[in-house]
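Using my numbering, read the sequence shown as starting at 2 and increasing by one per residue. Here a beta-carbon is modelled for each residue, glycine too, at the ideal position from N, C-alpha and C. Treat the numbers as computed from the prediction; the structure is a model and nothing was measured.
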Amino acid sequence: MFRSLWQYRHFVLSSIYNDLFAQFARSKLGGLWVIINPLSQVLIYALILSNILAAKLPGIDNKYAYAIYLMAGLLSWNLFSEIIGRCLNLFIEQANIMKKMSFPRITLPTIVVGSCMLNNLLLFISMLGIFALLGHQFTLVMFWLIPLTLIVVTLSLGIGLILGVMNVFVRDIGQAFSVILQVWFWFTPIVYPLTIIPESYRHLMQLNPMYSLVDAYHQILVYNQAPEIQSIAIISVIACVLALVGLFLFRRASAEMVDVL
């Protein structure tokens, strides 16, 4: 599978470029829309909730603390949700290509991951500029974002492949998980700090695999601290297991998916 992916690497790279170009074809603002959409979310939440929650973000000596906190959390969540959202209907949308052309099917999720990571990189660069304008300091701790991004990609790709394969056979899965993803967002401390949750319920957050990753992004980008190694190691193992399961299902079901599609 991976040998064929390497052989088709030029196809993958050109497809990522075409995918990015197609998103902004005939658009006056072009790639700015990648940045505008999530930042508009930050602006809305900041205007509505900053006065309520800003005082509950200890350790940040910045009047724009809540906006910084929001952007850090959304950076990780947007990558996670975008990969899953696109993998959910990937094989259904590419049914004609899968039935009419002979090529390694693994290139399809690879193109999705590459495109989503490029979007996330553009968003990260824009956030760095905003952080600078808000007077937020940068440190070498930010290099932790490289392995964290890989963990987010691995986790979301594993979940996305499993659900994407299942969605070919049971179309309700795509509809249902879109709702679950929205609920998942609000059960992850992105627009609110963990401190507003009653202490007796905080341990339940450990059941949320995105909690450790979002918290790590907050520690790095908001507090300029290295993330907790133990929690990151646990979620890394979970992400790798899910990715292996997703690849196994994808490989076993590729031929059957073509028949069903």
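Helix, strand or coil for residue i per DSSP?
i, result
"Gln176", "helix"
"His11", "helix"
"Leu158", "helix"
"Arg106", "coil"
"Gln42", "helix"
"Leu6", "helix"
"Ile90", "Note that residue 90 is Asn in the sequence shown, not Ile. Looking at Asn90 - three-state DSSP - the assignment turns out to be coil, as it is neither helix nor strand."
"Phe251", "helix"
"Thr140", "coil"
"Tyr65", "coil"
"Val242", "helix"
"Leu149", "helix"
"Leu135", "coil"
"Val113", "helix"
"Val171", "coil"
So which of the options has the shortest CA-CA distance to residue i?
i, options, result
"Leu119", "Asn209, Val192 and Leu21", "Leu21"
"Glu257", "Phe188, Ile17, Leu243 and Met167", "Met167"
"Gln220", "Tyr70, Asn79 and Gln231", "Tyr70"
"Phe3", "Phe125, Thr155, Ile107 and Ile147", "Ile107"
"Phe81", "His137, Val261 and Tyr218", "Tyr218"
"Met206", "Tyr193, Phe188, Pro148 and Ile197", "Phe188"
"Ser255", "Thr155, Leu91 and Ala73", "Leu91"
"Arg172", "Ser232, Glu94, His11 and Ala68", "Glu94"
"Val114", "Arg87, Lys100, Asn97 and Met102", "Arg87"
"Ala68", "Met128, Tyr18, Pro110 and Glu83", "Met128"
"Tyr18", "Ile126, Gln231, Ile98 and Ser116", "Ser116"
"Ser1", "Arg252, Leu208, Pro199 and Arg253", "Nothing about residue 1 can be read from this structure; the chain reaches only from 2 to 262."
"Phe12", "Lys101, Thr111, Ile198 and Lys100", "Thr111"
"Phe251", "Ser237, Ser16 and Leu89", "Leu89"
"Ile152", "Ser201, Ile230 and Gly136", "Ile230"
"Val215", "Leu134, Phe186, Arg253 and Pro199", "Phe186"
Can you list, in chain order, the residues of its chain with a C-beta nearer than 7 Å to that of residue i? Leave out the 5 residues immediately preceding and following it.
i, result
"Gly159", "Ala240, Leu243, Ala244, Val246 and Gly247"
"Phe170", "Val261"
"Pro210", "Leu156, Ile236 and Ile239"
Report yes if the C-beta of residue i is less than 7 Å from at least one heavy atom of the ligand NAD; otherwise report no.
i, result
"Tyr18", "Absence of the ligand NAD is noted for the structure shown, with no ligands found whatsoever."
Excluding sequence positions up to five away, which residues of its chain have a Cβ less than 8 Å from the Cβ of residue i?
i, result
"Leu75", "Pro39, Gln42, Val43 and Ile191"
"Tyr9", "Phe104, Pro105 and Thr108"
"Ile85", "Ser157, Ile160, Gly161, Leu164, Phe178 and Leu182"
"Ile235", "Ser213"
"Phe132", "Ile69, Met72, Phe139 and Leu222"
Take residue i and list the residues in its own chain whose beta-carbon comes closer than 6 Å to its own, dropping the five residues that flank it on each side.
i, result
"Trp78", "Ile191"
"Val142", "Ile221, Asn225 and Ala227"
Can you list, in chain order, the stretches of the alpha helix (DSSP H) that have 4 or more residues and sit fully within the segment 179 to 230?
210 to 222
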